[in-house]
Amino acid sequence: MSRSKLILLLALPILAGLGVGLWLNQVMAPATDLAPETRVGGDFTLQSADGPVSLADYRGKVGMVYFGYTSCPDICPTSLTMMASAMKLLSPQEQAQVYGIFISVDPERDTPANMKEYAGYFHPNFIGVTGTPPQIAEIAAKYGAYYKKAEIEGSMGYAVDHSSTIYIIDKNGKVEDQIIHGASPESIAASIRRLL
Amino acid sequence: MNSNAVRLILMAFGLLMSGVSSADVAVVDPYVRAVPPGAPATAAFMGLQADKGDVALVKASSDVARSVELHTHIHDNGVMRMRPVDKIELKKGETVTLQPGGLHVMLIGLTRPVKPGDSVDIELSFSDGTKQQISAPVRKIEMKMPMKHGGHMPAKH
Numbered sequence: 000m001s002r003s004k005l006i007l008l009l010a011l012p013i014l015a016g017l018g019v020g021l022w023l024n025q026v027m028a029p030a031t032d033l034a035p036e037t038r039v040g041g042d043f044t045l046q047s048a049d050g051p052v053s054l055a056d057y058r059g060k061v062g063m064v065y066f067g068y069t070s071c072p073d074i075c076p077t078s079l080t081m082m083a084s085a086m087k088l089l090s091p092q093e094q095a096q097v098y099g100i101f102i103s104v105d106p107e108r109d110t111p112a113n114m115k116e117y118a119g120y121f122h123p124n125f126i127g128v129t130g131t132p133p134q135i136a137e138i139a140a141k142y143g144a145y146y147k148k149a150e151i152e153g154s155m156g157y158a159v160d161h162s163s164t165i166y167i168i169d170k171n172g173k174v175e176d177q178i179i180h181g182a183s184p185e186s187i188a189a190s191i192r193r194l195l
Numbered sequence: 000m001n002s003n004a005v006r007l008i009l010m011a012f013g014l015l016m017s018g019v020s021s022a023d024v025a026v027v028d029p030y031v032r033a034v035p036p037g038a039p040a041t042a043a044f045m046g047l048q049a050d051k052g053d054v055a056l057v058k059a060s061s062d063v064a065r066s067v068e069l070h071t072h073i074h075d076n077g078v079m080r081m082r083p084v085d086k087i088e089l090k091k092g093e094t095v096t097l098q099p100g101g102l103h104v105m106l107i108g109l110t111r112p113v114k115p116g117d118s119v120d121i122e123l124s125f126s127d128g129t130k131q132q133i134s135a136p137v138r139k140i141e142m143k144m145p146m147k148h149g150g151h152m153p154a155k156h
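Going down the list, the sequences are from chains G and S. First residue of the first sequence? That's 0 in numbering that gives the first Met the number 0, and the numbers climb one at a time after it. First residue of the second sequence? That's 0 in numbering that gives the first Met the number 0, and the numbers climb one at a time after it.
See below:
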């Protein structure tokens, strides 16, 4: 084997490695590379039982935003209970600075009244809001929240498949953390406390 | 105390409390999740143990809901997909746990509010033709969740 072929042979795995590395770099580009306009979150206005609610109404406070629906027997109540448990880890003074917004991803069945009752059951600082299907779709897309009606057999008619993420909102209305399903109340409270 | 020990104690307690029915399945620590007034649905959870041989839970019914179905959750890349299942298979000697985030007895179209302190009567039907009546207390679930799915994702700045 000639010397140049040997070098090529030795170099191949290195080149291949470099290629994979570059590819990974492309695929797994860190979130910080995203342009500001592609960051998740942002302002919205939706209907509550007590009138329109905008995220901008809560400037100066720290929030938790969660997308779900009231016919959800398990995942949503679990998440809202987590959020409420996190609240209970905060002092009353801290709690006064924290809000929760439960956004319906089932605008056809949920009403402002039942969203209010549902969210308020978990904590008095939690409100429930809904809107028209296009409004909900637009806001969910801004937050990177997934939901989709799933026709299922049985008497429910349909369920709503949805991502289960608690968005932690800073005092300026920006998403500062995304807490995926199953995180402990302690970690949620810690995330909130950093922003208070 | 490790979780197996806790489970054993719970199981023993459940057996005592259930009075050991004629069915071949032990129902351990059944409970129904308390939900806000006006909520259209909730779920019942429990441990099921087939003592005498393989069997399946094929149906559940209750007067607290217009319709009762067996459901599971599929966790698919952070998306929760709730789906009905035909039956819940029980292997002899193994405990299958219906719990938040997974298998559950779905109570759809609640006929009355489900409040902590109440209890809900549920009839379980098994593939061997046996039935079992249980009374499941309603509990406001506090958070003692398994943490395996938990965690933070970086905010996208």
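Where is the CB? At the ideal position from N, CA and C, for every residue including glycine. All of these numbers come straight from a predicted model, not from anything done at the bench.
The C-beta of P35 of chain S has 16 or more other C-beta atoms within 10 Å across all chains shown, which makes the residue buried. For T110 of chain S, same chain residues with a beta-carbon under 8 Å away, outside a window of 5 residues either side, are D62, V63, A64, R65 in chain order.
At a cut-off of 8 Å between beta-carbon atoms, T41 of chain S makes contact with chain G. E175 of chain G sits in a strand when the DSSP states are folded into three classes. In the DSSP annotation of this structure, the continuous segment of the alpha helix (DSSP H) that includes P91 of chain G starts and ends at 91 to 94. Apart from sequence neighbours up to five positions away, the residues of its chain that approach D127 of chain S with a beta-carbon distance below 6 Å are V54, ordered along the chain. The beta carbon of A135 of chain S sits no closer than 8 Å to any beta carbon of chain G. A contact is defined here as three or more CB-CB pairs under 8 Å, and the segment 131 to 145 of chain G meets this definition with respect to the segment 57 to 67 of chain G. The Cβ-Cβ distance between G59 of chain G and V174 of chain G does not fall below 8 Å.
Shown here for K114 of chain S: same chain residues with a beta carbon closer than 7 Å to its own, the five before and five after excluded, namely A33, V137 in chain order. If the five residues before and after M81 of chain S are omitted, its C-beta is found closer than 7 Å to the C-beta atoms of H70, H72, all from its own chain and listed in chain order.
Judged by DSSP in its simplified three-state form, P132 of chain G adopts helix.
Judged by DSSP secondary structure, E185 of chain G falls within the alpha helix (DSSP H) whose first and last residues are 184 to 194.
Contacts between P29 of chain S and chain G, judged by CB atoms closer than 9 Å, are missing: the closest CB pair is about 15 Å apart. Bridge pairing for S134 of chain S: S:D120 [DSSP].
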